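Following: one structure in structure tokens, then a few remarks.
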Amino acid sequence: MTAVEDRPRPGRKPPAPGRLTTREAQILTLLAQGVTYEDTAQRLGIGHRTAVNHMTKARRRNGARTLTHLLGLSITAGDVDP
14 MTAVEDRPRP GRKPPAPGRL TTREAQILTL LAQGVTYEDT AQRLGIGHRT
64 AVNHMTKARR RNGARTLTHL LGLSITAGDV DP
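Here the sequence shown is numbered in the working numbering, starting from 14 and rising by one per residue.
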């Protein structure tokens, strides 16, 4: 791992490539339902930028080019239930 943001946090096991963390799955599920990043962040009690950062990290880790691509991969992997 080269980037600081990609380092695992102490006490937390990083997700396997192609998988989502619980928080990433929560955010992606809300976004898939048409909820905006702002409303998603408010519902989950996090900042807007934090929600965006979660999705950016998930896209990079999973090799997804877009949020829609990430959603398709996540549904296939069973991380998000449509």
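Note that the Cβ used here is the ideal one computed from N, Cα and C, for glycine as well. Computed from a prediction, not measured in an experiment: that's the story for all the values here.
At which residues does the alpha helix (DSSP H) containing Thr89 begin and terminate? Counted as a single uninterrupted DSSP element, the alpha helix (DSSP H) harbouring Thr89 occupies residues Leu80 to Ala90.
Same chain, Cβ closer than 6 Å to Gly91, five either side skipped, listed in chain order: The beta carbon of Gly91 sits closer than 6 Å to none of the beta carbons in its chain outside the five residues before and after it.
Would you mind sorting Arg74 into buried or exposed? The rule is 16 or more other CB atoms within 10 Å of its CB. By the neighbour-count rule (16 or more Cβ atoms within 10 Å), Arg74 is buried.
For Leu43 and Ala77, I'd like the C-alpha separation in whole angstroms. C-alpha separation (whole angstroms): 18 Å.
First and last residue of the alpha helix (DSSP H) that includes Val65? His61 to Asn75 is the span of the alpha helix (DSSP H), which, as asked, contains Val65.
By Cβ distance below 6 Å, which residues in the same chain neighbour Glu8 in space, the five residues on each side in sequence not counted? Residue 8 falls outside the range modelled here, since the chain spans only 14 to 95, and no answer is possible.
Using a threshold of 9 Å, state whether the C-beta atoms of Gln39 and Leu57 are closer than that. Yes, these two residues count as a Cβ contact at 9 Å.
Using DSSP with H/G/I as helix, E/B as strand and the rest coil, what is Thr15? At Thr15, the pLDDT of 46 sits below 50, so the modelled position is not reliable and the matter cannot be decided from this model.
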